[in-house]
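Reading through the structure tokens given below for one structure.
There are 2 protein chains.
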Amino acid sequence: MELYAEQGFEQTTVAEIAERAGLTERTFFRHFTDKREVLFYGTEMMQHLLVEAVASAPASATAMDVVGTAFEAAGAMLQENPERVRVRDAIVSANPELRERELIKLAALGAAVAGALRERGIPEPAASLAAETGVAVFKVAFARWISEPGQPDLPAILRESMGKLKDVVTDRLVAAPQR
Amino acid sequence: MELYAEQGFEQTTVAEIAERAGLTERTFFRHFTDKREVLFYGTEMMQHLLVEAVASAPASATAMDVVGTAFEAAGAMLQENPERVRVRDAIVSANPELRERELIKLAALGAAVAGALRERGIPEPAASLAAETGVAVFKVAFARWISEPGQPDLPAILRESMGKLKDVVTDRLVAAPQR
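Residue numbers (our numbering), protein chains in the order written: chain Z, 1 to 179; chain L, 1001 to 1179.
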């Protein structure tokens, strides 16, 4: 990923990445299907973490609490290395092909969380609605976090955004505040 | 689109599409940047319709009501020609490249709705949360509608899904119904 940041994603070859990582090209391709996948390794990890968090939440938790807690755990993972996340986000944002793959990974992540909720006995469409809403809140919170370099804590922003979502959905927030 | 359904998306050339539509290739490219765009013309129309509906909603409407009404209007548009929507969905679903573009268009649509909400004076992050949640509900409702051929009414499924979302978000639905 350093190489992508230094010389651009398009200009970086798999041979260069493998060399920097001390791997042969063959070993590289055993781990990643192509050079784009390097950037989405974290997204896969995030998906595993989300599914795990949903499965291990207390039995008494509501669907939305389960989803909220799971995404906060994912946020905490990203928070561990904010600089890395920011560099990666800049690389992905600058390349339409990578932005596309990012959207695909996010969609897959929503489907995985919905599946984990169904495993807990949450019926459809509630499982998909809760999961997709979780992804929606994550997108908004992540965009806020990444655009404000001083923002300290992604899990806190996620929690706040989830609370805000409840206000928005329950209409405690009217449309035109100027009235 | 008939051609895509008949002979597959990959096998269809712009020349064939233009001929079927009674256009020259040059005219085709004045309207669409490439052959994929033909399939996303409806998505662009849907985006215009959503932005229009958000802008023209009554001043007293809450953010979530505005979003709900706008997506119901979009659902009504799709409902006008369900067979066309189903054929298009089958073509897009069968092709990874088209699925990617679909996700990009949906993301753009969420951003456009958020922008229209801000125009109404809804502050961030409420505007983005309401818009992204609207897209999430639309995705779930659309998937239900498309997977059940007997489903009569997309706007009704959208309304029902929006109601269900409120239940999910406000925790009226607990996680494990077996208890």
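Ideal placement from N, C-alpha and C gives every residue a C-beta, glycine not left out. Fair warning: this is a prediction, and the values are worked out from it, not measured in the lab.
Please list the partners that Pro125/Z has in chain L, where partner means a Cβ-to-Cβ separation under 8 angstroms.
For the purposes of this step, residue 125/Z is identified with residue 125 of the first sequence, where counting begins at 1. In chain order: Val1140, Ala1141, Arg1144, Ser1161, Lys1164.
In this structure, does DSSP put Thr24/Z in helix, strand or coil?
Here residue 24/Z refers to the residue found at position 24 when the first sequence is read from its first residue. Correct three-state label for Thr24/Z: coil.
Using a Cβ-Cβ cut-off of 7 angstroms (strictly less than) and excluding sequence neighbours within five positions of Ala1131/L, which residues of its own chain qualify?
Indexing the second sequence from 1 puts residue 1131/L at position 131. For Ala1131/L, where only same-chain residues beyond five positions count, the Cβ hits under 7 angstroms are Val1067, Gly1110, Val1113, Ala1114, Leu1117.
Would you kindly work out how many angstroms separate the C-alpha atoms of Leu78/Z and Lys139/Z, rounded to a whole number?
The residue labelled residue 78/Z in the question sits at position 78 within the first sequence. The residue labelled residue 139/Z in the question sits at position 139 within the first sequence. So the two alpha carbons sit approximately 13 angstroms from each other.
Does the pairing of the region 1084 to 1092 of chain L with the region 1037 to 1048 of chain L give three or more beta-carbon distances under 8 angstroms?
Enough Cβ pairs lie closer than 8 angstroms, so yes.
Let me confirm a value: Ala1015/L is counted as buried when at least 16 other C-beta atoms fall within 10 Å, else exposed. Which label applies?
Counting from 1 along the second sequence, the entry for residue 1015/L is found at position 15. Result: exposed.
With DSSP run on the structure shown, which of helix, strand or coil describes Thr133/Z?
Against the first sequence, residue 133/Z aligns to sequence position 133. Of the three classes helix, strand and coil, the one that applies to Thr133/Z here is helix, per DSSP.
Could you please give the first and the last residue of the uninterrupted alpha helix (DSSP H) stretch that includes Pro1082/L?
The residue given as residue 1082/L occupies position 82 in the second sequence. Unbroken alpha helix (DSSP H) run through Pro1082/L: 1082 to 1093.
Taking only beta-carbon positions, decide if Leu1195/L is within less than 8 angstroms of chain Z.
Because chain L spans 1001 through 1179 in this model, residue 1195/L falls outside it and cannot be assessed.
Taking only beta-carbon atoms, is Leu103/Z less than 8 angstroms away from chain L?
As a first step, residue 103/Z must be located in the first sequence, where it is residue number 103. Chain L, which has a Cβ nearer than 8 angstroms to the Cβ of Leu103/Z, makes this yes.
Is the region 1162 to 1169 of chain L touching the region 119 to 138 of chain Z, taking contact as three or more C-beta pairs under 8 angstroms?
yes
Provide the residue span of the alpha helix (DSSP H) that contains Ser1161/L, from first to last.
Mapped onto the second sequence, residue 1161/L falls at position 161. Its alpha helix (DSSP H) spans residues 1154 to 1169.
Does DSSP put Ala1141/L in a helix, in a strand, or in coil?
Position 141 of the second sequence, counting from 1, holds the residue named residue 1141/L. DSSP places Ala1141/L in helix when its eight states are reduced to three.
Below 8 angstroms on the Cβ atoms is my guess for Val135/Z versus Met1064/L; work out the distance and round it to an integer in Å.
Numbered from 1 along the first sequence, position 135 holds the residue referred to as residue 135/Z. Numbered from 1 along the second sequence, position 64 holds the residue referred to as residue 1064/L. Incorrect: roughly 18 angstroms between the Cβ atoms, too far for contact.
In whole angstroms, what separates the C-alpha of Ala1061/L from that of Trp1145/L?
Here residue 1061/L refers to the residue found at position 61 when the second sequence is read from its first residue. Here residue 1145/L refers to the residue found at position 145 when the second sequence is read from its first residue. Computed Cα separation, rounded: 27 angstroms.
Nearest-angstrom Cα distance between Asp153/Z and Ala1107/L?
To locate residue 153/Z, count along the first sequence from 1; it is residue 153. To locate residue 1107/L, count along the second sequence from 1; it is residue 107. Going by the C-alpha atoms only, they are around 25 angstroms apart.
Looking at the secondary structure, which residues open and close the alpha helix (DSSP H) in which Arg1099/L lies?
As a first step, residue 1099/L is located in the second sequence; it is residue number 99 there, counting from the start. First-last of the alpha helix (DSSP H) with Arg1099/L: 1096 to 1119.
Does the CB of Asp89/Z have a neighbour CB from chain L at under 8 angstroms?
Numbered from 1 along the first sequence, position 89 holds the residue referred to as residue 89/Z. Cβ-Cβ to chain L under 8 angstroms: no for Asp89/Z.
Quick one, which of Glu160/Z, Ala55/Z, Ser147/Z has its alpha-carbon nearest Gly121/Z's?
Translated into the one-based positions of the first sequence, residue 121/Z becomes position 121. Per the Cα distances, Ala55/Z.
Using a Cβ-Cβ distance cut-off of 8 angstroms, determine whether Asp171/Z contacts chain L.
By 1-based counting over the first sequence, the position of residue 171/Z is 171. True, the Cβ-Cβ gap to chain L drops below 8 angstroms.
Determine the burial state of Met1045/L: buried for a count of at least 16 other Cβ atoms within 10 Å of its Cβ, exposed for fewer.
What you label residue 1045/L is simply residue 45 of the second sequence in a count that begins at 1. Met1045/L comes out exposed.
In this structure, does DSSP put Ser1056/L in helix, strand or coil?
Taking the first residue of the second sequence as 1, we reach residue 1056/L at position 56. The answer is coil: DSSP assigns Ser1056/L none of H, G, I, E or B.
Are the CB atoms of Arg1159/L and Glu1072/L nearer to each other than 8 angstroms?
Reading the second sequence from its first residue, position 159 is the one you call residue 1159/L. Reading the second sequence from its first residue, position 72 is the one you call residue 1072/L. Yes. Within cutoff.
So with CB distances below 9 angstroms, who are the chain L contacts of Glu37/Z?
For the purposes of this step, residue 37/Z is identified with residue 37 of the first sequence, where counting begins at 1. Under the 9 angstroms cutoff, chain L gives no residues; its nearest Cβ is about 15 angstroms from Glu37/Z.
Since Met1064/L meets chain Z, which of its residues come closer than 7 angstroms, beta carbon to beta carbon?
Residue 1064/L sits at position 64 when you count from the first residue of the second sequence. Near Met1064/L (Cβ distances below 7 angstroms), the residues of chain Z are Val168, Val169, Asp171.
Residues of chain Z with CB under 8 angstroms from Ala1107/L, in chain order?
Counted from its first residue, the second sequence places residue 1107/L at position 107. Simply Leu103.
Below 8 angstroms between beta carbons: does that hold for Ala1053/L and Ala1070/L?
Within the second sequence, the letter at position 53 stands for residue 1053/L. Within the second sequence, the letter at position 70 stands for residue 1070/L. Result yes, Cβ atoms of Ala1053/L and Ala1070/L sit closer than 8 angstroms.
Name the chain L residues whose beta carbon is nearer than 7 angstroms to that of Thr12/Z?
For the purposes of this step, residue 12/Z is taken as the residue at position 12 of the first sequence. Going along chain L, no residue has its Cβ under 7 angstroms from Thr12/Z, so there is no contact; the nearest lies around 22 angstroms.
Check Thr1013/L in the structure and name its three-state DSSP category.
Reading the second sequence from its first residue, position 13 is the one you call residue 1013/L. DSSP, reduced to helix, strand and coil, places Thr1013/L outside both helices and strands of the structure shown, so it counts as coil.
Assuming contact is defined by CB atoms lying nearer than 8 angstroms, are Glu102/Z and Glu1100/L in contact in what I supplied?
Taking the first sequence and counting its residues from 1, one reaches residue 102/Z at position 102. Taking the second sequence and counting its residues from 1, one reaches residue 1100/L at position 100. In this structure, Glu1100/L does not lie closer than 8 angstroms to Glu102/Z by Cβ.
Measure the beta-carbon distance from Ala1074/L to Leu1050/L and round it to whole angstroms, keeping in mind my assumption that it falls under 8 angstroms.
Here residue 1074/L corresponds to residue number 74 of the second sequence, with the count starting at 1. Here residue 1050/L corresponds to residue number 50 of the second sequence, with the count starting at 1. Confirmed, Cβ separation roughly 6 angstroms.
So that I know if they touch, is there some Cβ in chain L lying closer than 8 angstroms to that of Glu132/Z?
Here the question's residue 132/Z lines up with position 132 in the first sequence. Closer than 8 angstroms: yes.
Measuring alpha carbon to alpha carbon, tell me which residue in Pro155/Z, Glu19/Z, Glu119/Z, Ala143/Z is nearest Ser93/Z.
Residue 93/Z sits at position 93 when you count from the first residue of the first sequence. When each option's Cα is compared against that of Ser93/Z, the closest is Ala143/Z.
Could you check what DSSP says for Glu72/Z in three-state terms: helix, strand or coil?
Working through the first sequence from its first residue, we reach residue 72/Z at position 72. Here Glu72/Z sits in helix by DSSP.
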